[in-house]
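Asks: Mind looking over this structure? Questions follow.
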Amino acid sequence: MSSKNNSKSVFKRLLPYFSPHLGRLGIVMLTMIVVTSVHLIRPMILRSIIDTAIPQKDIEMALKLAGFFILCLMFGAATLYVRVKIMAKIGAEMIADIKRKLFAHILGQGMRFFDQNQSGKLITRTESDTNQLKSLFTQSSAQLFASALLVFGTVIILFREDFRVGIFAMVSMVLVSLLLFFYLSYIRSLYTKVREKGSQLNGYLTEYIQGVPLIKVHGREADIMANMHTFNQEKATLECRAAFIEYALFSPTFRFCTEIGSIMILFAYCSTRVFEGTMTVGTLVMFIELMRQFFRPLESLVEILAQMQTALAAGVRLFDILDTEPAVRDTGEVAPGLRLEKCIKFEDVSFAYDSEVVLKNASFSIPRGQQLAIVGASGSGKTTCINLLLRFYDPTSGRITVDDRDIGSIKLFDWRRKIALVLQEIYLFPGTIMENLKAFHTDVDDETVIKAARELGAHDFIMKQPQGYQSVLAERGANLSYGERQLLSYTRAMVKDPDLLILDEATSSVDVITERELQTSMEKLMNGRTCIVIAHRLSTIRKADRILVFEKGLLMQEGAHDDLMKQLGIYRELVTIQTGSDLLGEFSEIEENGEVKGAVA
């Protein structure tokens, strides 16, 4: 994905985040002016001590000037403390705002976005990249402005004291600016590559950690370590190159040039004037201090600008995420009282993913209160139907309606509010069992949750946990069995009291005994509700009112279990594959011409 953002545009887009903090930024500006003034006054105090107090042997004047010098140092340190503290607070608040906006934007994306972006990469964006920006807000920007202020203040004094020294300073600034331009243009691209390689590394690391059991079973630890070593080496090579250019090449070269320049102007020009009697020793000392104050900020600018390039490279990636338009737009009307009164319809619905058509002209309806099952081989289009119904994606053509109203015209929150989804891969939130069952809906009371848990058979095992409903779950509910986690997901769905219940392969990964227990709970959950069930284990859907059979994106068959078993079709073949002749034994043999001879009641 090519980026439309660059360092300039990122800096411009970050400016609005400063707006709520203008008052405190004004205080920061005042502290910078104070600190700069202190730095500029100190050389003049030294000149007065050397040229006036010492020749006149005026101890009182020398002590006063020395005391004033110390007072300036203390005042400068105090104002610097105030500046750092304020900028740290501003930076933390601004980063919190950016993280909030970024996370909300990520949550608002359709599933295609998550298909195209690794979870580890997104974590890098929300954490590592935003922390890089934090250094820009809290340190780099303030230091950059303070250094620039000190440089320009020093140049003004140099011009006032000696025009030729001022000209030298201006020429030095131009040469340094040109040097910085070429340096930054190269180091920027290098740091961008470093950050990108780091986000890729985080992405693969996240995936590998999630797949540790499989990696161990297949004995692929060595291969994974080799892959990670390769990524680490590539990243380390880029980091070493950047560090070499910044610290071993540019910084020493820059320091050498500034030292040579200082020696030339101070000793070749100023010392000559001192010997001639046209410049005092105090003025020479003042020039030495001013030249140090001139070159030291220029030198620190190199490090500051390098840090800023790293931060701005992170900002480019952040704004690339923020500029990603959601594939599913939430532009519908608010419908807080939406209910499923009649039926849901798929009207000639097609969907293509990256130009590959995965659902073709599907048309069917789901009347209120009906239990519909969708079956088919992997990639047949059954899960796509669910994704489209939930508006994780929008159809390429056709439409889906609820009571003759296009679901695209309804606010996503209002549409999904009355839908419950139970997946085979169960997700449990970090938190307590009660929080998970409420799905963090604060308007649900504990009694409603406990009643649902009792009804579905989850209450007993919940009460066996150390703190009952207030027990904190391990990551992904690892301290519970699969069946217990599934019961929690059923209870969570019942607590939501949905108009439409979707069970996506909800019992296909359990043993027969556990499946039977879950089947009983599932039937209680489904009772009286409009339901869609997707299952590979076809024995779980025999009681469905209607079964849709998909193959390669096409709706091939439709009907009740008994009716479909009487037909020579895909459904009968799937049942045969799974159960052999067990279910077929209920039916008479098929004549050679393919017609049903008779069915056993």
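Take any residue in the sequence shown, note its place counting from 1, add 8, and you have its number in the working numbering.
Ideal Cβ placement from N, Cα and C applies to all residues, glycine included.
#1: Could you please give the first and the last residue of the uninterrupted beta strand (DSSP E) stretch that includes Arg-554?
#2: Using DSSP's beta-bridge definition, name the partner residues of Lys-353.
#3: By the DSSP assignment, the beta strand (DSSP E) with Leu-511 in it spans what residues?
#4: Nearer than 7 angstroms: is that true of the beta carbon of Ala-343 relative to any heavy atom of the ligand GDP?
#5: Apart from the five residues just before and just after Val-282, which ones in its own chain have a Cβ nearer than 7 angstroms to its Cβ?
#6: Name, in chain order, the residues that DSSP records as bridge partners for Arg-322.
#7: Using 10 angstroms around the beta-carbon of Leu-397, count the other beta-carbons present and answer buried if the total reaches 16, otherwise exposed.
#8: To the nearest angstrom, report how far apart Phe-558 and Arg-524 are at their CA atoms.
#9: Identify which residue in His-29, Arg-424 and Ala-322 has its Cα closest to the Cα of Lys-504.
#10: Quick one: which unbroken alpha helix (DSSP H) runs of 4-plus residues sit fully inside the region 276-318? Chain order, please.
#11: Assign Tyr-401 to one of three DSSP states: helix, strand, or coil.
#12: Just curious, the alpha helix (DSSP H) that Met-471 is in, first and last residue?
#13: Alpha carbon to alpha carbon, how far is Cys-80 from Phe-302?
#14: Starting from the Cα of Val-36, find the closest Cα among Ala-74, Leu-157 and Phe-239 and give me that residue.
#15: Grouping DSSP H, G and I as helix and E and B as strand, with all else coil, what is Leu-481?
#16: Does the distance from the C-beta atom of Gln-151 to that of Ile-312 stay below 8 angstroms?
#17: In three-state terms, what does DSSP make of Glu-597?
#18: Could you tell me which residues DSSP puts in a beta bridge with Phe-359?
#19: Name the two residues that bound the continuous alpha helix (DSSP H) containing Met-502.
#20: Taking the DSSP output, what are the residues bridged to Leu-198?
#21: Identify the continuous alpha helix (DSSP H) that holds Val-163 and give its terminal residues.
#22: Does the distance from the CB of Lys-560 to the CB of Ser-386 come in under 8 angstroms?
#23: Please report how far the alpha carbon of Gly-84 lies from the alpha carbon of Thr-39, in whole angstroms.
#24: Determine the contact status of Thr-510 and Ile-434, defining contact as a CB-CB distance below 8 angstroms.
#25: Leaving out five residues on either side along the sequence, give the residues of the same chain with a beta carbon under 7 angstroms from the beta carbon of Leu-22.
#26: Over the uninterrupted beta strand (DSSP E) stretch that includes Gln-565, give me the two end residues.
#27: Starting from Gln-140, trace the alpha helix (DSSP H) both ways and give me its first and last residue.
#28: Excluding the 5 residues preceding and the 5 following Met-69 in the sequence, name in chain order all residues of the same chain whose CB lies nearer than 6 angstroms to its CB.
Replies: If we stick to the structure as given:
#1: For the purposes of this step, residue 554 is taken as the residue at position 546 of the sequence shown. That run of the beta strand (DSSP E) goes 554-559.
#2: By 1-based counting over the sequence shown, the position of residue 353 is 345. DSSP, once it has assigned bridges, lists Ser-373 and Thr-409 as partnering Lys-353.
#3: As a first step, residue 511 is located in the sequence shown; it is residue number 503 there, counting from the start. From DSSP, the beta strand (DSSP E) with Leu-511 extends over 508-512.
#4: You won't find the ligand GDP in this model; it holds no ligand whatsoever.
#5: Working through the sequence shown from its first residue, we reach residue 282 at position 274. Val-289 and Leu-292.
#6: As a first step, residue 322 must be located in the sequence shown, where it is residue number 314. In the sequence under discussion, the amino acid at residue 322 is Ala, which differs from the Arg named in the question. Beta-bridge pairing links Ala-322 to no other residue.
#7: Taking the first residue of the sequence shown as position 1, residue 397 is located at position 389. Buried is the call here.
#8: By 1-based counting over the sequence shown, the position of residue 558 is 550. By 1-based counting over the sequence shown, the position of residue 524 is 516. Rounded to the nearest angstrom, the two C-alpha atoms are 26 angstroms apart.
#9: Position 496 of the sequence shown holds residue 504. Of the listed residues, the one whose Cα sits closest to Lys-504 is Arg-424.
#10: 279-284
#11: If you number the sequence shown from 1, residue 401 lands on position 393. Tyr-401 falls in the coil class under three-state DSSP.
#12: One-based indexing of the sequence shown puts residue 471 at position 463. First-last of the alpha helix (DSSP H) with Met-471: 467-471.
#13: Walking along the sequence shown from the start, residue 80 turns up at place 72. Walking along the sequence shown from the start, residue 302 turns up at place 294. Distance between the alpha carbons of Cys-80 and Phe-302 is about 19 angstroms.
#14: The count along the sequence shown starts at 1 and reaches residue 36 at position 28. Cα-wise, what sits closest to Val-36 is Leu-157.
#15: By one-based count along the sequence shown, residue 481 stands at place 473. The answer is coil: DSSP assigns Leu-481 none of H, G, I, E or B.
#16: As a working mapping, residue 151 is identified with position 143 in the sequence shown. As a working mapping, residue 312 is identified with position 304 in the sequence shown. Yes, the Cβ-Cβ distance between Gln-151 and Ile-312 is below 8 angstroms.
#17: To locate residue 597, count along the sequence shown from 1; it is residue 589. Any answer about Glu-597 is weak, because its pLDDT of 40 lies below 50 and its placement is not dependable; what the coordinates show is given next. Three-state result, Glu-597: coil.
#18: Translated into positions along the sequence shown, residue 359 becomes position 351. Leu-367, per the DSSP bridge assignment.
#19: As a working note, residue 502 is residue 494 in the sequence shown. 490-504 is the extent of the alpha helix (DSSP H) around Met-502.
#20: As a first step, residue 198 is located in the sequence shown; it is residue number 190 there, counting from the start. Per DSSP, none; premise fails for Leu-198.
#21: Here residue 163 is taken as the residue at index 155 of the sequence shown, counted from 1. 149-169 is the span of the alpha helix (DSSP H), which, as asked, contains Val-163.
#22: Indexing the sequence shown from 1 puts residue 560 at position 552. Indexing the sequence shown from 1 puts residue 386 at position 378. Taking 8 angstroms as the Cβ cut-off, Lys-560 and Ser-386 do not qualify as a contacting pair.
#23: Within the sequence shown, numbered from 1, the residue matching residue 84 stands at position 76. Within the sequence shown, numbered from 1, the residue matching residue 39 stands at position 31. Whole-angstrom Cα-Cα distance: 8 angstroms.
#24: The residue you call residue 510 lines up with position 502 of the sequence shown. The residue you call residue 434 lines up with position 426 of the sequence shown. Position check: residue 510 holds Ile in this sequence, whereas Thr was assumed. No, these two residues do not count as a Cβ contact at 8 angstroms.
#25: As a first step, residue 22 must be located in the sequence shown, where it is residue number 14. These residues qualify, in order along the chain: Gly-323.
#26: Counted from its first residue, the sequence shown places residue 565 at position 557. First-last of the beta strand (DSSP E) with Gln-565: 562-567.
#27: To locate residue 140, count along the sequence shown from 1; it is residue 132. Note, Gln-140: alpha helix (DSSP H), 138-143.
#28: Within the sequence shown, the letter at position 61 stands for residue 69. Here the set comprises Ala-61.
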